[in-house]
Ligand code: PAF
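Numbering (the working numbering), first residue to last: 54 to 339.
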């Protein structure tokens, strides 16, 4: 059974003993809970590379824009603890709001050119909230390594740059997206989808395969590929709207002429669920 800490003070004491005094290495898997296969992949990576694996579970209010799903975001701490137990996680850190934010944080973090694009256009304040909580977790836990899924590709790029810019002594380890047998990327928000919506949500993955096929047949024009993806996804029932489809280089700079290794990034509403996903071009076996 993992040790459960709900207060910064408790986990700081644990870190002092195990890392500072006994020199053990620490891997952090930051999550908002409702753990799925994607999280399990992060945990397993951490278990392989560190003496101690800590999973943080905290639905961070700061990263939800006004009117978003903060209240209805799925939560089940007991189930998450069972998943962590099965994966032999050492510590679960599930802080309370009043402990994380004893008063309203006034610090706003911006990573120029990375936090003001794509997701941020549709979720104002989202990345400042993500950066605040990630920095707090890194400061509290001082992990040697922290594990982030490529599923949230923009978040990964923001965190990598933040950690570099501020000389945080933690290595950020990217972990590839985990998909179910049909290609749907695991996400806690998939639990909102009805069976029919889930079927339509597969259009995201299938649009990536389509784009890869077009690319391999010589279509390198970003505009053409984005239109093909958009048209394909919009054909599916329950798809309400597309917030964006973008193709960028690996540092999130939009490209006109697409090359292998560039990224397709998109955000799509299926029913009342907003899904994000991304794809590294040229890597599908088509
Ligand atoms: O990716 C997530 O689940 C969250 O954005 C994170 C990194 C745990 C911060 O709340």
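Where a beta carbon is used, it is the ideal one built from N, C-alpha and C, also for glycine.
Terminal residues of the beta strand (DSSP E) in which residue i lies
| i | result |
| --- | --- |
| residue 109 | 105-110 |
| residue 169 | Run containing residue 169: none; DSSP gives neither H nor E here. |
| residue 144 | 144-146 |
| residue 226 | 224-228 |
| residue 278 | Per DSSP, residue 278 belongs to no beta strand (DSSP E); it is in the alpha helix (DSSP H), 275-287. |
Bounding residues of the alpha helix (DSSP H) (the contiguous stretch that carries residue i)
| i | result |
| --- | --- |
| residue 182 | 179-194 |
| residue 310 | Taken as a continuous stretch (DSSP letters only), residue 310 belongs to no alpha helix (DSSP H), as it is neither H nor E. |
| residue 95 | 90-102 |
| residue 136 | 130-139 |
| residue 254 | 248-269 |
| residue 153 | 150-153 |
Which of helix, strand or coil DSSP assigns to residue i
| i | result |
| --- | --- |
| residue 294 | strand |
| residue 206 | helix |
| residue 239 | coil |
| residue 326 | strand |
| residue 83 | strand |
| residue 124 | coil |
| residue 30 | Residue 30 falls outside the range modelled here, since the chain spans only 54 to 339, and no answer is possible. |
| residue 66 | helix |
| residue 217 | helix |
| residue 175 | helix |
| residue 115 | helix |
From the options, residue whose alpha carbon lies closest to that of residue i
| i | options | result |
| --- | --- | --- |
| residue 322 | 254, 306 and 230 | 254 |
| residue 282 | 263, 61 and 290 | 263 |
| residue 205 | 243, 249 and 330 | 330 |
| residue 103 | 144, 115, 116 and 66 | 144 |
| residue 212 | 231, 63, 229 and 191 | 191 |
| residue 274 | 309, 97 and 127 | 309 |
| residue 225 | 235, 232, 214 and 265 | 214 |
| residue 311 | 146, 318, 171 and 334 | 334 |
| residue 304 | 318, 296, 132 and 228 | 318 |
| residue 250 | 287, 62 and 173 | 287 |
| residue 155 | 60, 75, 132 and 316 | 60 |
| residue 242 | 62, 65 and 85 | 85 |
Proximity test, residue i beta-carbon vs the ligand ADP heavy atom, cut-off 7 Å
| i | result |
| --- | --- |
| residue 269 | Although the ligand ADP was asked about, the structure shown includes only the ligand PAF as ligands. |
Contact with chain B by residue i, beta-carbon distance below 8 Å
| i | result |
| --- | --- |
| residue 147 | Here chain B cannot be found, since the structure has a single protein chain. |
Inter-stretch contact (C-beta, 8 Å, three-pair minimum) for the segment 178-198 and the segment 317-336: No: the two stretches stay apart, fewer than three of their Cβ pairs being nearer than 8 Å.
Pocket of the ligand PAF defined by Cβ to heavy atom distance under 6 Å: These are the residues, in chain order, with a beta carbon less than 6 Å from any non-hydrogen atom of the ligand PAF: 83, 84, 85, 113, 116, 183, 186, 187, 205 and 208.
Stretch-stretch touch, CB-based, cutoff 8 Å, three pairs: the segment 72-90 with the segment 159-168: no
Cβ pair count under 8 Å reaching 3, the segment 172-181 against the segment 93-110: By the Cβ criterion, the segment 172-181 is not in contact with the segment 93-110, since fewer than three pairs of Cβ atoms, one from each stretch, lie closer than 8 Å.
Cβ contact (3+ pairs, closer than 8 Å) linking the segment 87-94 and the segment 68-75: no
At least 3 beta-carbon pairs within less than 8 Å: the segment 137-145 vs the segment 217-228: no
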